[in-house]
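Q:
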Amino acid sequence: AQSVTQLGSHVSVSEGALVLLRCNYSSSVPPYLFWYVQYPNQGLQLLLKYTTGATLVKGINGFEAEFKKSETSFHLTKPSAHMSDAAEYFCAVSVNNFNKFYFGSGTKLNVKP
Amino acid sequence: EPEVTQTPSHQVTQMGQEVILRCVPISNHLYFYWYRQILGQKVEFLVSFYNNEISEKSEIFDDQFSVERPDGSNFTLKIRSTKLEDSAMYFCASSGVRDGETQYFGPGTRLLVL
Numbered sequence: 001a002q003s004v005t006q007l008g009s010h011v012s013v014s015e016g017a018l019v020l021l022r023c024n025y026s027s028s029v030p031p032y033l034f035w036y037v038q039y040p041n042q043g044l045q046l047l048l049k050y051t052t053g054a055t056l057v058k059g060i061n062g063f064e065a066e067f068k069k070s071e072t073s074f075h076l077t078k079p080s081a082h083m084s085d086a087a088e089y090f091c092a093v094s095v096n097n098f099n100k101f102y103f104g105s106g107t108k109l110n111v112k113p
Numbered sequence: 114e115p116e117v118t119q120t121p122s123h124q125v126t127q128m129g130q131e132v133i134l135r136c137v138p139i140s141n142h143l144y145f146y147w148y149r150q151i152l153g154q155k156v157e158f159l160v161s162f163y164n165n166e167i168s169e170k171s172e173i174f175d176d177q178f179s180v181e182r183p184d185g186s187n188f189t190l191k192i193r194s195t196k197l198e199d200s201a202m203y204f205c206a207s208s209g210v211r212d213g214e215t216q217y218f219g220p221g222t223r224l225l226v227l
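These protein sequence lines are chains A and B, in that order.
At position 77 of the first sequence the residue is numbered 77 (our numbering), and the sequence of numbers has no breaks.
At position 77 of the second sequence the residue is numbered 190 (our numbering), and the sequence of numbers has no breaks.
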């Protein structure tokens with residue numbers, strides 16, 4: 001079975017500071033890993049994904065994440081936070097095409113001026 | 114850019130009433146999903162659907178729930194007799210052959226059962 005843990009339900013950073021949102025997963029087979037962002041009153045928008053190949057993946061809006069198998073982690077980072085990054089971020093795992101997703105609890109990112 | 118749409122955005126209903134939540138997946142997608150998120154909890158998988166039949170369903174998806182693709186564009190979730198605990202945000206998602214590992218989500222329908 002698969003599961004996802006996101007450490008920190010709320011993270012607050014200053015504008016211009018590094019953003020680090022943590023995601024650890026559990027999977028008995030090689031996982032597919034995703035980060036989605038949800039802005040207020042909107043749906044889940046795909047930020048980035050890892051399936052195979054390069055373990056450092058880049059997404060939209062300057063975000064990137066690194067798949068670390070030894071640590072079972074897929075942390076999301078952005079070098080410099082912008083006010084527009086304030087949203088809720090969800091990490092998700094699946095194991096095959098067209099397979100159900102398992103989501104983490106989400107992390108709400110607050111960006112202070 | 115193609116996107117998944119859902120209607121209504123909000124629905125309030127009385128306990129015991131039937132509700133139908135509607136989704137229009139991305140047009141060339143063949144795989145469809147429903148998830149729900151109870152306030153303050155994780156997004157949970159409900160059901161997946163392919164080729165006019167359910168591929169997989171969770172234990173949440175009991176006999177009160179059903180899904181249908183009534184025509185070439187809509188995908189619906191019906192709850193026959195709503196309970197208070199069905200209050201949640203319901204997300205529809207779809208995926209296509211080109212990038213089958215990725216699911217594209219709609220904006221959600223917030224259901225409130227009174």
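Idealized CB from N, CA, C, for every residue including glycine.
None of these values were measured; they are calculated from a predicted model.
Distance cutoff 9 angstroms, beta carbons only. Does ASN97 (chain A) sit that close to anything in chain B?
A: With 9 angstroms as the cut-off, ASN97 (chain A) counts as an interface residue toward chain B.
Q: GLY62 (chain A): which of A:VAL13, A:VAL19, A:GLU88, A:ALA54 sits nearest, CA to CA?
A: A:VAL19
Q: Under the three-state reduction of DSSP, which class applies to SER70 (chain A): helix, strand or coil?
A: coil
Q: Does chain A have any CB closer than 9 angstroms to the CB of PRO220 (chain B)?
A: yes
Q: Assuming contact is defined by CB atoms lying nearer than 9 angstroms, are GLN150 (chain B) and ALA201 (chain B) in contact in what I supplied?
A: yes
Q: Going by DSSP, name the residue or residues bridged to GLN150 (chain B).
A: B:VAL156, B:MET202
Q: Among B:LEU197, B:LEU225, B:LEU190, B:LEU227, which residue has its Cα nearest to the Cα of ALA206 (chain B)?
A: B:LEU190
Q: Out of curiosity, what's the CA-to-CA distance linking TYR163 (chain B) and VAL210 (chain B)?
A: 12 angstroms
Q: Give me the subset of the stretch 115 to 135 of chain B whose CB atoms are less than 9 angstroms from a CB atom of chain A, sorted by chain position.
A: GLU116, VAL117, GLN119, SER122
Q: Looking at chain B, which residues of the stretch 73 to 94 of chain A have a Cβ within less than 9 angstroms of any of its Cβ atoms?
A: PHE90, ALA92, SER94
Q: Could you give the C-beta distance for GLN2 (chain A) and VAL95 (chain A), rounded to a whole number, given that I count them as a contact under 8 angstroms?
A: 6 angstroms
Q: What is the rounded straight-line gap between the Cα of GLN154 (chain B) and the Cα of TYR50 (chain A)?
A: 25 angstroms
Q: So LEU44 (chain A) contacts chain D; which residues on that side make the cut at Cβ distance below 7 angstroms?
A: The structure shown contains no chain D; its protein chains are A and B.
Q: Return the chain-ordered list of same chain residues with a C-beta closer than 8 angstroms to the C-beta of MET83 (chain A), the five sequence neighbours on each side being excluded.
A: GLU15, VAL111, PRO113
Q: Just list the beta strand (DSSP E) runs in the stretch 4 to 56 of chain A, keeping only unbroken ones of 3 residues or longer that don't cross its boundaries, in chain order.
A: 10 to 14, 19 to 21, 24 to 26, 32 to 38, 44 to 50
Q: Whole angstroms are fine: how far does the CA of PHE178 (chain B) sit from the CA of ARG193 (chain B)?
A: 6 angstroms
Q: Just mark THR55 (chain A) as buried or exposed, buried being the case when its beta carbon has 16 or more other beta carbons within 10 Å.
A: Result: exposed.
Q: Relative to the C-alpha of SER28 (chain A), which residue among A:HIS75, A:HIS10, A:VAL13, A:VAL4 is closest?
A: A:VAL4
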